[in-house]
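If you're matching them up, the sequences are chains A and B in order. Counting in full-length UniProt numbering, the first sequence runs from 1 upward without gaps. Counting in full-length UniProt numbering, the second sequence runs from 1 upward without gaps. Each remark here refers to the structure printed beneath this line.
There are 2 protein chains.
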Amino acid sequence: MRLGLKSSIVLHRISTKCKICPFTTQFSLRREVSTISSEGEEEVKQKLNDHNKKIRLTSETYPDIIRDSKFAKVSTEHVQFFESLLDKNGGVINGITEDAHDDLVSYNEDWMRKYIGQTKLVLKPGSTEEVSEILKYCNANMLAVVPQGGNSGLVGGSVPIFDEIIINMSRMNTIRSFDEISGVLVVDAGCILESVDEFLKKKNYIFPLDLGAKGSCQIGGNVSTNAGGLRLLRYGSLHGNVLGIEAVLPNGTVMDDLSLMRKNNTGYDIKNLFVGAEGTIGIVTGVSILCAQRSNAVNVAYFGLDSYEMVQEAFREAKVQLSEVLSAFELMDGKSQDIVFNVTKNQRPLENEYPFYCLIETSGSNSVHDNEKLSNFLEYVLDKEIVSDGVLAQDDSQVKNLWGWREGVSECAGHWGGVYKYDLSIPIRDLYGLVDDVRHRIEEAGLIGDTDEFPVVAVVGYGHMGDSNLHLNIATRRFEKKVENILEPYIYEWVGKRNGSISAEHGLGLAKKKYIGYSRSDTMIKLMKQIKNLYDQNGIMNPYKYI
Amino acid sequence: MRLGLKSSIVLHRISTKCKICPFTTQFSLRREVSTISSEGEEEVKQKLNDHNKKIRLTSETYPDIIRDSKFAKVSTEHVQFFESLLDKNGGVINGITEDAHDDLVSYNEDWMRKYIGQTKLVLKPGSTEEVSEILKYCNANMLAVVPQGGNSGLVGGSVPIFDEIIINMSRMNTIRSFDEISGVLVVDAGCILESVDEFLKKKNYIFPLDLGAKGSCQIGGNVSTNAGGLRLLRYGSLHGNVLGIEAVLPNGTVMDDLSLMRKNNTGYDIKNLFVGAEGTIGIVTGVSILCAQRSNAVNVAYFGLDSYEMVQEAFREAKVQLSEVLSAFELMDGKSQDIVFNVTKNQRPLENEYPFYCLIETSGSNSVHDNEKLSNFLEYVLDKEIVSDGVLAQDDSQVKNLWGWREGVSECAGHWGGVYKYDLSIPIRDLYGLVDDVRHRIEEAGLIGDTDEFPVVAVVGYGHMGDSNLHLNIATRRFEKKVENILEPYIYEWVGKRNGSISAEHGLGLAKKKYIGYSRSDTMIKLMKQIKNLYDQNGIMNPYKYI
Numbered sequence: 001m002r003l004g005l006k007s008s009i010v011l012h013r014i015s016t017k018c019k020i021c022p023f024t025t026q027f028s029l030r031r032e033v034s035t036i037s038s039e040g041e042e043e044v045k046q047k048l049n050d051h052n053k054k055i056r057l058t059s060e061t062y063p064d065i066i067r068d069s070k071f072a073k074v075s076t077e078h079v080q081f082f083e084s085l086l087d088k089n090g091g092v093i094n095g096i097t098e099d100a101h102d103d104l105v106s107y108n109e110d111w112m113r114k115y116i117g118q119t120k121l122v123l124k125p126g127s128t129e130e131v132s133e134i135l136k137y138c139n140a141n142m143l144a145v146v147p148q149g150g151n152s153g154l155v156g157g158s159v160p161i162f163d164e165i166i167i168n169m170s171r172m173n174t175i176r177s178f179d180e181i182s183g184v185l186v187v188d189a190g191c192i193l194e195s196v197d198e199f200l201k202k203k204n205y206i207f208p209l210d211l212g213a214k215g216s217c218q219i220g221g222n223v224s225t226n227a228g229g230l231r232l233l234r235y236g237s238l239h240g241n242v243l244g245i246e247a248v249l250p251n252g253t254v255m256d257d258l259s260l261m262r263k264n265n266t267g268y269d270i271k272n273l274f275v276g277a278e279g280t281i282g283i284v285t286g287v288s289i290l291c292a293q294r295s296n297a298v299n300v301a302y303f304g305l306d307s308y309e310m311v312q313e314a315f316r317e318a319k320v321q322l323s324e325v326l327s328a329f330e331l332m333d334g335k336s337q338d339i340v341f342n343v344t345k346n347q348r349p350l351e352n353e354y355p356f357y358c359l360i361e362t363s364g365s366n367s368v369h370d371n372e373k374l375s376n377f378l379e380y381v382l383d384k385e386i387v388s389d390g391v392l393a394q395d396d397s398q399v400k401n402l403w404g405w406r407e408g409v410s411e412c413a414g415h416w417g418g419v420y421k422y423d424l425s426i427p428i429r430d431l432y433g434l435v436d437d438v439r440h441r442i443e444e445a446g447l448i449g450d451t452d453e454f455p456v457v458a459v460v461g462y463g464h465m466g467d468s469n470l471h472l473n474i475a476t477r478r479f480e481k482k483v484e485n486i487l488e489p490y491i492y493e494w495v496g497k498r499n500g501s502i503s504a505e506h507g508l509g510l511a512k513k514k515y516i517g518y519s520r521s522d523t524m525i526k527l528m529k530q531i532k533n534l535y536d537q538n539g540i541m542n543p544y545k546y547i
Numbered sequence: 001m002r003l004g005l006k007s008s009i010v011l012h013r014i015s016t017k018c019k020i021c022p023f024t025t026q027f028s029l030r031r032e033v034s035t036i037s038s039e040g041e042e043e044v045k046q047k048l049n050d051h052n053k054k055i056r057l058t059s060e061t062y063p064d065i066i067r068d069s070k071f072a073k074v075s076t077e078h079v080q081f082f083e084s085l086l087d088k089n090g091g092v093i094n095g096i097t098e099d100a101h102d103d104l105v106s107y108n109e110d111w112m113r114k115y116i117g118q119t120k121l122v123l124k125p126g127s128t129e130e131v132s133e134i135l136k137y138c139n140a141n142m143l144a145v146v147p148q149g150g151n152s153g154l155v156g157g158s159v160p161i162f163d164e165i166i167i168n169m170s171r172m173n174t175i176r177s178f179d180e181i182s183g184v185l186v187v188d189a190g191c192i193l194e195s196v197d198e199f200l201k202k203k204n205y206i207f208p209l210d211l212g213a214k215g216s217c218q219i220g221g222n223v224s225t226n227a228g229g230l231r232l233l234r235y236g237s238l239h240g241n242v243l244g245i246e247a248v249l250p251n252g253t254v255m256d257d258l259s260l261m262r263k264n265n266t267g268y269d270i271k272n273l274f275v276g277a278e279g280t281i282g283i284v285t286g287v288s289i290l291c292a293q294r295s296n297a298v299n300v301a302y303f304g305l306d307s308y309e310m311v312q313e314a315f316r317e318a319k320v321q322l323s324e325v326l327s328a329f330e331l332m333d334g335k336s337q338d339i340v341f342n343v344t345k346n347q348r349p350l351e352n353e354y355p356f357y358c359l360i361e362t363s364g365s366n367s368v369h370d371n372e373k374l375s376n377f378l379e380y381v382l383d384k385e386i387v388s389d390g391v392l393a394q395d396d397s398q399v400k401n402l403w404g405w406r407e408g409v410s411e412c413a414g415h416w417g418g419v420y421k422y423d424l425s426i427p428i429r430d431l432y433g434l435v436d437d438v439r440h441r442i443e444e445a446g447l448i449g450d451t452d453e454f455p456v457v458a459v460v461g462y463g464h465m466g467d468s469n470l471h472l473n474i475a476t477r478r479f480e481k482k483v484e485n486i487l488e489p490y491i492y493e494w495v496g497k498r499n500g501s502i503s504a505e506h507g508l509g510l511a512k513k514k515y516i517g518y519s520r521s522d523t524m525i526k527l528m529k530q531i532k533n534l535y536d537q538n539g540i541m542n543p544y545k546y547i
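Structure (structure tokens):
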């Protein structure tokens with residue numbers, strides 16, 4: 001074939017991810033410990049102890065954060081109220097008057113085990129009215145709360161720091177309605193993303209959002225964190241797709257703004273305040289959202305390029321030639337693909353190695369047309385020497401395999417111990433410059449190498465290039481302060497200078513709260529605090545986080 | 001051709017629209033009066049007098065609205081301040097200490113001459129800093145203001161009612177930046193939509209919004225009214241496409257939220273409060289917006305259908321088969337096409353007449369592919385007898401001509417005198433039912449007929465079916481209270497019962513202010529008033545309107 005493409009490839013699947021927490025391996029230690037059966041009991045206990053020693057409460061990791069004494073402590077009387085309000089079967093997990101330690105663990109910890117709270121009370125309302133009653137009571141009694149969806153966030157936003165009551169939305173999981181003509185879907189906040197997308201698949205529709213945690217994350221959480229993910233390039237952000245929101249405000253008011261209409265110019269767009277508010281001004285209980293027609297044909301190409309300039313050229317050409325069928329343009333640098341190769345030992349898609357790789361996906365209604373567009377595009381970029389080599393997936397299995405080289409980076413980067421992860425928006429022209437600069441700083445400081453004495457294994461850059469969204473990962477053997485000092489605030493300053501965003505899609509939560517000033521002016525932060533104060537005068541909603 | 005399509009058609013262009021106000025003929029009277037030169041002077045004067053008799057100040061049309069005495073009257077001292085602040089050449093139109101009546105007319109009146117204010121002061125700032133100084137001063141001195149863009153709105157939002165100072169944005173008309181890789185454009189609020197789209201065309205990009213008034217409307221006004229228009233089906237709403245906003249708050253604070261990034265999850269999405277706020281909480285001075293790659297190939301088909309059920313079937317099939325290239329699905333009922341025919345006498349696109357017509361547009365990167373998709377689609381819907389006859393435009397001129405049968409409805413409906421216009425969002429299943437019901441009510445009341453004794457000429461329905469957006473027009477020979485009584489509040493109640501929107505894309509302004517309760521709950525209205533009060537404690541921004 002004159003394009004230099006292999007006509008078929010066989011790739012091995014990246015090792016299966018945990019179904020609960022598909023992002024990294026950090027969760028796997030806990031699963032390992034609890035499932036080892038061939039080892040002696042003592043050995044298991046020792047492992048567990050060693051592991052638990054490493055685990056620190058969030059309040060220990062962040063000693064500067066002090067529990068606000070304005071908040072009441074949960075009393076027996078409070079528990080009685082909630083038990084009278086909610087379903088006897090699973091509506092309340094009560095660690096106040098009962099021993100519920102084991103039941104509370106999975107609610108107190110995020111999936112990475114990075115953020116660990118200390119609540120003794122989890123409430124699981126079954127209806128909007130119950131959420132309203134809970135919040136009204138909490139607000140009147142100065143009880144701090146943390147709304148919790150699938151608990152799959154990356155910034156510690158969905159678990160308490162101290163004894164904040166968790167309001168877990170998983171029992172509100174009904175698909176309320178779907179209009180097959182307009183594509184407008186209405187769901188409870190607790191519906192799991194993957195279940196909703198499966199439901200839509202049967203109707204030949206697609207949810208306008210997809211992300212690694214789809215098997216556990218909930219729509220309410222997606223909306224509350226303005227999740228970005230894999231389909232944003234094609235279907236746009238939730239700010240455009242969410243048509244309506246039902247939310248409960250801290251004082252118990254039900255904001256009934258669940259419009260089914262794509263156009264509704266009757267007053268201020270208050271619902272968008274709740275898209276990305278991370279549960280700090282109310283709890284989203286229902287969402288109406290515009291879903292797109294599902295594409296029948298999906299094609300994926302993977303190619304190698306000699307420079308970041310060529311990557312930009314390829315992106316421009318892809319936009320022009322693939323235009324309406326382009327559904328992903330993902331960037332992976334050479335180091336990121338080395339990491340995937342080193343961990344999985346899978347056969348590389350291309351014969352030679354390159355400093356940059358891109359993955360392009362098209363989704364359309366006609367596979368013949370899409371194939372032709374993609375082939376023409378590849379022919380063009382190869383002829384013009386914009387890309388050096390490329391391969392086109394021949395079937396679904398190869399599509400998945402090629403995606404594995406992109407989606408596997410995050411998981412494989414954690415192979416050596418830990419990962420410093422940054423999720424940044426940077427103007428495309430400058431985007432990769434940050435990776436070069438950070439790698440250079442770490443090399444200069446003598447912190448990177450192939451042997452155990454060096455804390456850093458690799459500095460890799462990859463991400464949703466089509467959305468100007470870089471994931472910068474620093475794979476380490478261990479977390480060391482001197483590495484952190486090289487990275488921060490340098491990275492935030494670098495991004496701030498270029499008017500980028502220090503959190504493209506992961507949100508602020510606890511992790512980024514103190515860095516917001518690098519992406520927002522004092523004026524904006526002041527205006528945001530006004531909004532917080534408008535809705536949550538008592539400050540009971542997800543305290544110590546966000547802004 | 002077995003599809004029963006004519007292989008080529010020749011249509012005449014709908015009569016050229018006024019470049020300033022492309023919506024209806026209502027403006028044409030003024031033009032007529034001022035341009036008649038073959039008539040005698042007396043005759044012209046008489047016409048002008050007759051015409052002026054019909055024109056009423058908004059304060060006369062709405063006698064219930066009383067000027068709020070908390071607002072100061074503009075004094076000589078105030079004028080001196082503004083004259084010292086703004087450019088001597090055209091920055092201030094001063095009717096306080098000078099005779100500027102003629103210069104003020106076009107600012108005081110909306111393009112329909114339906115809303116006529118009485119300001120004696122127009123300010124035309126040239127920079128964000130000047131807007132800030134103006135608002136700070138007005139806020140401190142309790143001077144009410146009306147922000148004004150291209151003044152092409154349909155609900156009286158952009159002209160004063162009494163003596164509110166007009167802040168006209170036309171002098172802020174610079175394209176600030178455009179990134180050819182990402183498609184992110186940053187413009188001053190006063191840039192004209194058409195100019196911006198022409199600029200983008202040269203770069204092979206498209207502005208994600210198009211509407212009839214593009215030759216006069218301004219981006220700041222588009223954003224402030226959350227304009228919908230013709231490209232929404234394809235590119236989505238401004239809530240999704242606007243990436244950042246620079247706005248001046250009533251106290252002079254410059255909200256500098258002009259992000260260039262598609263993803264930025266660092267805090268509350270305050271900018272979306274300004275999308276559709278109609279100048280009631282601040283003045284938008286700059287906008288950053290994501291623009292899409294321009295499609296090279298545009299195809300248009302026009303077809304006749306026997307029932308509204310078939311229209312819905314056709315829409316569903318179009319979504320499935322045309323999917324990513326579908327850029328418009330417009331509905332026109334038989335009466336609407338009769339009106340266009342009766343006024344223009346143009347040759348109808350199809351040989352026979354049908355109760356419903358649809359116009360479908362595809363836009364894509366490959367005309368061969370798009371033609372094939374559209375032909376397959378037409379073949380399918382004709383074979384299945386979903387549509388009865390259809391025609392496919394063969395060149396750009398025919399594309400324009402077919403669009404004329406859709407875009408001409410609004411203009412032609414005004415041919416007999418006046419039009420009652422309603423812009424509604426209704427779930428697709430119910431959408432056309434309103435037209436039937438309203439027509440039935442008017443027939444029952446004996447108000448419709450072919451002769452002069454009947455006030456109503458026709459009840460027609462058309463609109464952006466792809467967005468569930470119906471335009472209901474009642475073409476009349478004259479405005480009569482008994483017609484109005486048949487229409488209102490009946491139409492609003494009808495829409496309210498079906499959870500539709502009483503203003504899909506035109507906004508609230510003065511015209512719809514009192515009807516918001518049909519589309520929003522008391523809770524939502526209360527929350528909106530909180531927002532208004534948060535930003536504009538003194539209520540100086542565009543008073544008497546919106547909510």
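The C-beta atom is built at its ideal place from N, Cα and C for all residues, glycine as well.
Within the same chain, Ile175, Leu185, Val187, Phe207, Ile219 come within 8 Å of Val196(B) by CB-CB distance, once the 5 residues on both sides are set aside. Under the Cβ criterion of 8 Å, Glu324(B) is counted among the residues facing chain A. DSSP, reduced to helix, strand and coil, places Thr280(A) outside both helices and strands of the structure shown, so it counts as coil. Collapsing the DSSP output to three states places Cys358(A) in a strand. Here Thr225(A) is actually not in contact with Asn299(A); their C-beta atoms are around 30 Å apart, not less than 8 Å.
Each residue's CA atom was taken as its position, placing Phe199(A) and Gly126(A) some 21 Å apart. For the segment 252-266 of chain A, the set of residues with a beta-carbon nearer than 9 Å to any beta-carbon of chain B comprises Thr253, Val254, Met255, Asp256, Asp257, Leu258, Ser259, Leu260, Met261, Arg262, Lys263, Asn264, Asn265, Thr266, in chain order. Around the beta carbon of Pro455(B), 16 or more other beta carbons sit within 10 angstroms, so the residue counts as buried. At least one CB of chain A lies nearer than 8 Å to the CB of Ala277(B). Looking only at Ile516(B), Lys214(B), Asp68(B), the smallest Cα-Cα distance to Pro489(B) is reached by Ile516(B).
Chain B places no beta carbon closer than 8 Å to that of Gln337(A), leaving this residue out of the contacts.
The beta carbon of Ala504(B) sits closer than 8 Å to some beta carbon of chain A.
Interface annotation, Asn499(A): in contact with chain B, CB-CB separation under 8 Å. Within the segment 456-544 of chain A, the complete beta strand (DSSP E) segments at least 3 residues long are 456-464, 469-476, listed from N- to C-terminus. Excluding residues up to 5 positions away in sequence, Lys70, Phe71, Ala72, Asn538, Ile540 lie with their Cβ nearer than 8 Å to the Cβ of Met142(A) in the same chain.
In this structure Leu510(A) touches Val155(A) by the C-beta definition: roughly 6 Å separates them, less than 8 Å. In the three-state reduction of the DSSP assignment, Leu249(A) falls in the coil class, being assigned neither a helical nor a strand state. In this structure, Asp430(A) and Arg498(A) form a Cβ contact; the two beta carbons are roughly 5 Å apart against a cut-off of 8 Å.
Close partners of Ile428(B) in chain A (Cβ separation under 9 Å): Asp179, Ile181, Ser182.
With a cutoff of 8 Å on beta-carbon distance, Val242(B) and Lys271(B) are scored as near each other. Taking 8 Å as the cut-off between beta carbons, the residues of the segment 207-241 of chain B near chain A are Thr225, Asn226, Gly228, Leu232, Gly236, Ser237, His239, Gly240, Asn241, in sequence order. By the Cβ neighbour-count rule, Val460(B) is buried, with 16 or more other Cβ atoms within 10 Å of its own.
Within the same chain, and ignoring the five residues on either side of Glu130(B) in sequence, the residues whose Cβ sits closer than 7 Å to its Cβ are Leu85, Leu86.
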